[in-house]
Amino acid sequence: MSDISSRVKAIIVDKLGVDDSEVTFEASFTNDLGADSLDTVELIMEFEKEFDIQIPDDQAENIATVGQAITYIERNNSEAGEEMSQLHTVVSGDTLSKIAKKFYGDAMKYSVIFEANKPMLTDPDKILPGQVLKIPSLKKEDTKN
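So the sequence shown is numbered by the numbering used here: it starts at 404 and just counts up by one.
As C-alpha cells, then:
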C-alpha cells in the first residue's frame, strides 16, 4: 500500500470511526462506511490539510469512494510536491552537505538533494559553481534520523 493510500485510510478510520478492514479501495463513504454529507465534507477538508492540496467543490462532489480519494490525491499531490521544491545555484565553496544544512538544518540530508538531481549529478562530491540544483521538500521518511 502506498504512503498516500495508508494516510488516506488512517484519516478515514479516525474521522468515521470505522474498522480498518472496512476501508477498501472500492468502499463508498456513504453506502459502505456510513458517512453523512457533513462527514464527507470533513473528510475532504482533512485530505486537503494532510496533503496540502485544494480540492475544488465541483471535484469534491465526484469523490465518493476511498479509491477516488486516493486517485485524486495522487494526481494532485505530485504536482504540489514539484511546486514545493526550491532551486539553488551552486557557488564556489558549496558542498551538498553545506546546502543540506542550509535548507534542512541537517548536513546528513545531502543524499536527498543528490538523488533529486540525478542524472545531472553523478557523484555527491562533484558539484560545480553555476549548476542549478533542485532542493526537494523533505518527505516524512526523509525526516527520520
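C-beta atoms are modelled at their ideal positions from N, C-alpha and C, and glycine is treated no differently. Keep in mind that this is a model prediction, so the values were computed, not measured.
Three-state secondary structure assigned by DSSP to residue i
i, result
"E485", "Because the pLDDT at E485 is just 48, under 50, the model does not fix this residue reliably, and the point stays unresolved."
"I458", "coil"
"S431", "strand"
"T443", "helix"
"T474", "helix"
"L490", "strand"
Proximity winner among the options, relative to residue i (alpha-carbon distances)
i, options, result
"I473", "D423, P539, K412 and V535", "K412"
"E429", "F450, M523 and I466", "I466"
"G508", "L541, I414 and P459", "L541"
"E453", "D422, S409 and D423", "S409"
"G470", "E425, Y513 and D460", "E425"
"T443", "S514, D455 and A463", "A463"
Whole-Å CB distance - residue i paired with residue j, under 8 Å assumed
i, j, result
"I530", "L499", "6 Å"
"L359", "V421", "Since the first residue shown for the chain is 404 and the last is 548, residue 359 is missing from the structure and cannot be characterised."
Own chain residues within Cβ distance below 8 Å of residue i, not counting five before or after
i, result
"A438", "L419, F432 and L446"
"I538", "S488, Q489, L490, H491, I502, F506, I516 and A519"
"G484", "Residue placement at G484 is flagged as unreliable, the pLDDT there being 48, under the threshold of 50; a coordinate-derived value is accordingly withheld."
"I414", "L446, E449, F450 and E453"
"P527", "L499, Y513, S514 and F517"
Continuous beta strand (DSSP E) stretch holding residue i: start and end
i, result
"L536", "V535 to I538"
Residue i - containing alpha helix (DSSP H), residue span
i, result
"F517", "Y513 to A519"
"D423", "First-last for D423: undefined, no H or E at that position."
"K529", "Careful: K529 lies outside any alpha helix (DSSP H) and carries neither H nor E."
Same chain only: Cβ atoms within 6 Å of residue i, ignoring 5 sequence neighbours per side
i, result
"K504", "A510"
"K521", "none"
Neighbourhood of residue i by C-beta, 7 Å cutoff - its chain only, sequence neighbours within 5 removed
i, result
"I407", "I473, I476, E477 and N480"
"V493", "I530, L531, P532, G533, Q534 and L536"
"D497", "I530"
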